[in-house]
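Trainee: First the structure, then my questions, so here it is.
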Amino acid sequence: DAGGGGAATELEEELLSGDRDATEKSIDELLASLGGLEDEDDDDIFRFDDDDQDEGKEGKSDEVASAEEVESIMDELQQWRQRNVDSSYDGWDSDRKKEFDTWIQKYIATLDPDADPTTVDMDATRRALLSERPVD
């Protein structure tokens with residue numbers, strides 16, 4: 065009996081091994097087919113992070129625009145600093161001062177869109193921005 069039981073055990077192991085291989089193959093095929101569905105229809109089938117991915121795409125384009133805006137605003141800051149070197153803020157006419165105050169609001173909105181402009185100390189911001197020489 066022991067020899068017969070050994071043969072049965074070997075047969076069971078082969079069958080179980082075959083079942084495992086078949087199961088793994090079935091899982092791989094199922095995953096591949098699901099992957100195929102996702103490629104064919106990217107809208108919303110079986111996508112858990114769909115919203116996050118869409119936001120990420122939009123965020124990337126916003127980041128690019130934001131980086132360009134920051135670069136532009138920093139270039140403008142250097143121009144304002146140069147104007148301050150050429151003639152100090154106190155010597156500017158009222159139109160130039162008003163233009164600079166408007167630009168400061170744009171500067172703040174670009175660098176910190178969530179900032180409340182009514183709580184920003186415009187005089188301190190102006191002094192801080194113009195306190196340094198322009199960077200070439």
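Numbered per this note's numbering, the sequence shown spans residues 65 to 200.
The beta-carbon is built from N, C-alpha and C at its ideal position, and this holds for glycine as well.
Going by beta carbon distance, what residues of the same chain come within less than 8 Å of residue 125, once the five residues before and after it are set aside?
Mentor: For residue 125, the pLDDT reaches just 48, beneath the cut-off of 50, and the residue's location in the model is therefore unreliable, although a value from the coordinates is still provided. So no residue of the chain qualifies.
Trainee: Less than 8 Å between the C-beta atoms of residue 135 and residue 167, yes or no?
Mentor: No, the Cβ-Cβ distance between residue 135 and residue 167 is not below 8 Å.
Trainee: Assess, as a yes-or-no matter, whether the region 152-159 is touched by the region 170-185 under the definition of 3 or more beta carbon pairs within less than 8 Å.
Mentor: No contact exists between the region 170-185 and the region 152-159.
Trainee: For a test of the three-state rule: what should DSSP assign to residue 197, helix, strand or coil?
Mentor: Looking at residue 197 - three-state DSSP - the assignment turns out to be coil, as it is neither helix nor strand.
Trainee: Which of the three DSSP states is assigned to residue 184 in this structure?
Mentor: In the structure shown, residue 184 sits in coil (DSSP, three-state: anything other than H, G, I, E or B).
Trainee: With H, G and I counted as helix, E and B as strand and the rest as coil, what does DSSP make of residue 179?
Mentor: Three-state DSSP puts residue 179 in coil, outside helix and strand.
Trainee: Determine the direct distance from the alpha carbon of residue 200 to that of residue 182, and round the result to whole angstroms.
Mentor: Going from the Cα of residue 182 to the Cα of residue 200 covers about 32 Å.
Trainee: Just the C-alpha distance for residue 132 and residue 91, rounded to the nearest angstrom, thanks.
Mentor: Taking the straight line from one Cα to the other gives about 47 Å.
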